[in-house]
Amino acid sequence: MQTNVTGRERLEACKGWITYFYLVNMNVSISLAVPGDAAAIAEVISQAARDLTAKHGQGHWSAVASEKGVLSGLNKARILLARNNETVIGTLRLTTLRPWVIDPAYFTPVPRPVYLVDMAIRPDYQRIGVGRSLIEEAKKMVTALAGDAIRLDAYEGVAGAGGFYEKCGFTEMGHIVYKTVPHIYFEWLIKR
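Each step along the sequence shown adds one to the number in the UniProt record's numbering, with nothing skipped, and position 185 is 185.
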């Protein structure tokens, strides 16, 4: 008996091997950003925003970043970069300053929360483990810096990354609407 298999079904069946191939054949490193990385970071964030806009239409996710804005964030936080050789392919920012959209009432009370913001992966490097590698490095860094939890928000809906954060071990803490935009809160508690 012969089964008709579509190209998409073949691709789904091979997804694990494709991810393995890319990760083995890439030279990905994760490091802290320096001011000279600001333009590359802004470009990664902007590429991800343009990709989401192309897929899901105009929304809050459509905002592009500027070098000046990244430099401002670098002064108040630690920015992690993922590179493939010298090319910046992913980024996230860790800060102790609570973002405007985060309501602490939804989270486990801890003395030293750290907030994960501005995570972005270049579209051509998504879904191959780069984002997960950045998250795992962020967990190590926050633990080493004596943080008690990582808190974040994700857009709710098709443009959001809620499923990704759940797969990375984050716990959903609540749903809110801030300025007409639905968000999901996530938390990762550090166990000592």
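Glycine included, each C-beta is placed from N, C-alpha and C at the ideal position.
Being a predicted model, the structure only gives us computed values, none of them experimental.
Best match in the options for proximity to residue i [C-alpha to C-alpha]
{"i": "K139", "options": "Y155, Q47 and Y165", "result": "Y165"}
{"i": "I45", "options": "V70, P35, K191 and A33", "result": "V70"}
{"i": "A48", "options": "T171, G131, V110 and P99", "result": "G131"}
{"i": "residue 201", "options": "A146, I135, I150 and Y185", "result": "Since the displayed the chain opens at 1 and closes at 192, residue 201 lies outside it and no answer follows."}
{"i": "K68", "options": "T96, G36 and L52", "result": "G36"}
{"i": "L81", "options": "L32, V158, D148 and Y178", "result": "L32"}
{"i": "K55", "options": "I135, A159, L145 and D153", "result": "A159"}
{"i": "R112", "options": "E187, I135, F170 and T171", "result": "E187"}
{"i": "I30", "options": "D51, E86, S72 and L74", "result": "E86"}
{"i": "D103", "options": "D153, Y125 and A149", "result": "D153"}
{"i": "G90", "options": "K191, S66, L52 and A42", "result": "A42"}
{"i": "D51", "options": "P99, R78, V34 and D124", "result": "D124"}
{"i": "A40", "options": "Y115, S133, I79 and P109", "result": "I79"}
{"i": "L66", "options": "N84, R83, D118 and G169", "result": "In the sequence as presented, Leu is not what sits at residue 66; that position holds Ser. Answer by Cα proximity: D118."}
{"i": "V34", "options": "V28, N75 and I135", "result": "N75"}
{"i": "K167", "options": "F107, A149 and I135", "result": "I135"}
{"i": "S72", "options": "A38, I128, V88 and G174", "result": "A38"}
{"i": "T171", "options": "R122, R83 and F107", "result": "F107"}
{"i": "M173", "options": "A149, G57 and K191", "result": "A149"}
{"i": "E137", "options": "G163, L116 and P182", "result": "L116"}
{"i": "L189", "options": "P109, A105 and I121", "result": "P109"}
Where residue i falls: helix, strand or coil (DSSP)
{"i": "L97", "result": "coil"}
{"i": "V34", "result": "coil"}
{"i": "T108", "result": "coil"}
{"i": "D118", "result": "strand"}
{"i": "N75", "result": "helix"}
{"i": "I41", "result": "helix"}
{"i": "E86", "result": "coil"}
{"i": "L80", "result": "strand"}
{"i": "F21", "result": "In this prediction, F21 scores a pLDDT of 49, lower than 50, which makes its location untrustworthy; the coordinate-derived value is nonetheless stated afterwards. F21 falls in the helix class under three-state DSSP."}
Counterpart residues of residue i in DSSP-defined beta bridges
{"i": "N27", "result": "Answer is none; N27 lacks a bridge partner."}
{"i": "P113", "result": "A149"}
{"i": "V177", "result": "P182"}
{"i": "T171", "result": "E187"}
{"i": "T53", "result": "For T53, which the question treats as bridged, DSSP gives no partner whatsoever."}
Counting only runs of 4+ residues fully inside the segment 123-155, write out the alpha helix (DSSP H) ranges in chain order.
-> 130-144
Does the count of Cβ pairs from the segment 92-102 and the segment 58-65 closer than 8 Å reach three?
-> no
Validate contact between the segment 137-151 and the segment 175-183 using beta carbons, cut 8 Å, 3 pairs = no
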